[in-house]
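Residue numbers (our numbering): 1244 to 1992.
Just so it is clear, CB atoms sit at the ideal spot from N, CA and C, and this is done for glycine as well.
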């Protein structure tokens, strides 16, 4: 995007991080008109506050038809960058994303920058003070004991030390050092220090791997596409353990050899250490990492390294798609089906789909990898929109883990009890560890019990801020809301009727952990969920300990299901799989199939065969049946029939409007205005409009939620309808600030 040349750049168009799809006009003071550039940040007055925005364009004059007078326009408060902070490529990408997802360009720009860079309160480089001996000390120079110690320590350390280290080792204060500086004996310098989040992963050694024939063929296609310098998209569909990661690594090597950079996206922060070790072993200091678990300073330093061209291989979670790399040649989206790529707060966007567009705009290659591709991605490959690459077998011809469904209805009939872990699973765990092998148990629900119910009056204990039951956490003795974090001490009696007959319903990871410890007191068991892995580094430490064999059994939520390669794991147990199937969401079957296939892929990855035991009360369900048989094609065929019949993606495009406000009547009033405007904009009835109705969770954080859903076969017609309806509704008094628009929502809850 070339910078415009205007004789008079009196006004600028500013993208602000506010929930409005428009640019705002501000005046540039005379002295700044030659300095300001598109992509630079400015601080401006907006309402009663000062906020940071981004220059999106210039204007020489005000359009007389705009009804905007010069006297209405405010001066900017401050120009924060002389050199543009946001590159032309990222400006264009974020503008596309804002338009596609019907959201604010300013909010999308803010999301594209690490915290601390996107605001006026900039993070500063980390600096350190060092002391250097700059001259041979004259033997006749009179020195104090402290000064002699300082010089001796510097000599023994090669003539230079950190200021703080010298103070500590020589047992001195700053005064004798400063005296020697004044006498010309020492020199103090300030150096910038990089905050390196990958320091502990460096110096790892990775064994050379010989590619299989399918890997070689897949890699050859990707590399050849990269040589053309044109956009190309691939679906790399490989079973768990088939070696997709090695294909990624070789493809990135080829891109770098051809002078082009790479981005690799992973769905979970937990997977970044797994891949970063391998990347560092291959690419060394060319690697940078970006995700939200880094400190603000670490993110700042990594982002600057990328922007300055010091790092040309980037790994990170969804926001890394906006990494300011130049000469981008390859994007990889591992586990492309994973819903973690979707940002579930404003601004809404899907990292995978933004990655596809970035590849298109950069004339780059994109590889979408998965053992269980999303139906939309598989349909794109099926239709020829993406090239299809298949890795049908595990490395070394290792067999897939043998999976079996345990019918919990039969268990109940035999035992007369509603048990947490079936006798079959308990026996399998015992046998596995008797052989010196490891187990994993998956339960995708935190806490001890799902909710607490009074047996006397039938009331359940609910969050005071949300329309949701509280989850019992036994270790803390609290009931906690997993939506707003509201917490209350667990009562000894019902707060409604004072009955002491409280019933703790359902299972969470805490309860399963307690049952496992009771049955297997000698086993080393670790629990992995958001409650147990709160501190930075906890997760990596636990997973590394499990990989080294220091933990016998790993219990956890879906955090343990993806991407990990533990060679001594031969048993995976899945508890309460039916919970996911029962969600009021059209993707419930797809997600359950994907989760089961992924977690089953953790077993038998080494030289030993693996087995998977899945506990269910609904063994007839097609998602479970196909997951047990590792039959993606069978599941795809069956699920696509339901999607077509009911009007869901990939056959239909979805849009969701969530109207959120503390006042229910206000939310309803605005929802009715919006629905009326949508009906008018849908004159030819190409779209099906549902609602308004209260959302599945009708209140979160004391905000009521009214939802309207649109289904349409034509994406362009849908966008035209949405833009027309929103403009009309706003003109009729609808409060645009309370409307959350989601294009291609991954769930409707």
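Q) How is the alpha helix (DSSP H) around residue 1964 delimited, first residue to last? A) 1958-1974
Q: Would you mind working out which of 1886, 1885, 1883, 1857 sits nearest residue 1872, comparing C-alpha positions?
A: 1857
Q. When the Cα atoms are used, what is the spatial distance from residue 1623 to residue 1957?
A. 16 Å
Q.
residue 1902 and residue 1837 - do their beta-carbons sit closer together than 7 Å?
A. no
(Q) Spatial neighbours of residue 1222 within its chain, please: C-beta separation below 6 Å, excluding the five flanking residues on both sides. (A) No answer is possible for residue 1222: it lies beyond the span of the chain, which begins at 1244 and ends at 1992.
Q. What three-state label does DSSP hand residue 1811 in the structure shown?
A. coil
Q.
Suppose the cutoff is 8 Å on Cβ atoms and the five residues either side in sequence are ignored; what does the same chain contact list for residue 1530 look like?
A. 1441, 1519, 1522, 1523, 1554, 1556, 1557, 1558
**Q.** Reference residue 2001, options 1374, 1825, 1258, closest by Cα
**A.** Nothing about residue 2001 can be reported from this structure: the residues present for the chain run from 1244 to 1992 only.
Q. Cβ-heavy atom distance between residue 1762 and the ligand FAD below 6 Å?
A. This structure does not include the ligand FAD; it has no bound ligands of any sort.
Q) Which value, in whole angstroms, describes the spacing of the CA atoms of residue 1285 and residue 1587? A) 28 Å
(Q) DSSP has residue 1873 in a bridge; who is on the other side? (A) For residue 1873, which the question treats as bridged, DSSP gives no partner whatsoever.
(Q) Classify residue 1933: buried if its beta carbon has 16 or more other beta carbons within 10 angstroms, exposed otherwise. (A) exposed
(Q) Going residue by residue through the segment 1383-1415, where are the continuous beta strand (DSSP E) segments of at least 3 residues, counting only ones entirely within it? (A) 1403-1405
Q.
If you measure between the beta carbons of residue 1376 and residue 1481, is that distance less than 7 Å?
A. no
Q: Could you tell me whether the Cβ atoms of residue 1693 and residue 1639 are closer together than 7 Å?
A: no
Q | Collapsed DSSP secondary structure at residue 1681 in the structure displayed | A | strand
Q. Rounded to a whole number of angstroms, what is the C-alpha to C-alpha distance between residue 1459 and residue 1944?
A. 52 Å
Q: Use the C-beta contact count for residue 1363: other C-beta atoms within 10 angstroms, 16 or more gives buried, fewer gives exposed.
A: Annotation note: pLDDT 49 at residue 1363 (below 50); position unreliable, coordinate value reported separately. Residue 1363 should be labelled exposed.
Q) Near residue 1989, which residues of its chain fall below 6 Å by C-beta distance, leaving aside the five closest residues on each side in sequence? A) 1582, 1585
Q. CB residue 1869 to CB residue 1877, shorter than 7 Å?
A. yes
**Q.** Cβ-Cβ separation, residue 1594 to residue 1537 (assumed contact under 8 Å), whole Å
**A.** Incorrect: roughly 17 Å between the Cβ atoms, too far for contact.
Q: Mind checking which residues open and close the alpha helix (DSSP H) that includes residue 1425?
A: 1417-1425
Q) Since residue 1279 contacts residue 1349 with CB under 8 Å, what's their CB separation in whole angstroms? A) About 17 Å separates the two Cβ atoms, so there is no contact after all.
Q: Grab me the residues of residue 1807's own chain with a C-beta within less than 7 Å of its C-beta, minus the 5 sequence neighbours each way, in chain order.
A: 1517, 1786, 1845
Q. By DSSP, does residue 1293 sit in helix, in strand, or in coil?
A. strand
(Q) Quick check on the burial criterion: 16 or more other C-beta atoms within 10 angstroms. Buried or exposed for residue 1421? (A) exposed
Q) How about residue 1724 and residue 1709: are their beta carbons less than 7 Å apart? A) yes
Q) Helix or strand or just coil, what does DSSP make of residue 1315? A) helix
Q: State the Cα-Cα distance for the pair residue 1628 and residue 1433, rounded to the nearest angstrom.
A: 54 Å
Q. Going by other Cβ atoms of all chains shown within 10 Å of its Cβ, with 16 needed for buried, is residue 1355 buried or exposed?
A. buried
Q. Does the Cβ of residue 1974 have 16 or more other Cβ atoms within 10 Å, making it buried, or fewer, making it exposed?
A. exposed
Q: Out of 1262, 1289, 1274, 1275, state which residue places its alpha-carbon closest to the alpha-carbon of residue 1268.
A: 1289
Q: Please check the pair residue 1952 and residue 1991, which I expect to be a contact at CB under 8 Å, by giving their CB distance rounded to whole angstroms.
A: 6 Å
**Q.** Whole-angstrom distance between residue 1851 and residue 1488, CA atom to CA atom
**A.** 21 Å
Q) Who pairs with residue 2003 in a beta bridge, going by DSSP? A) Because the chain spans 1244 through 1992 in this model, residue 2003 falls outside it and cannot be assessed.
Q: Pick out whichever of 1610, 1770, 1550 has its Cα sitting closest to the Cα of residue 1495.
A: 1610
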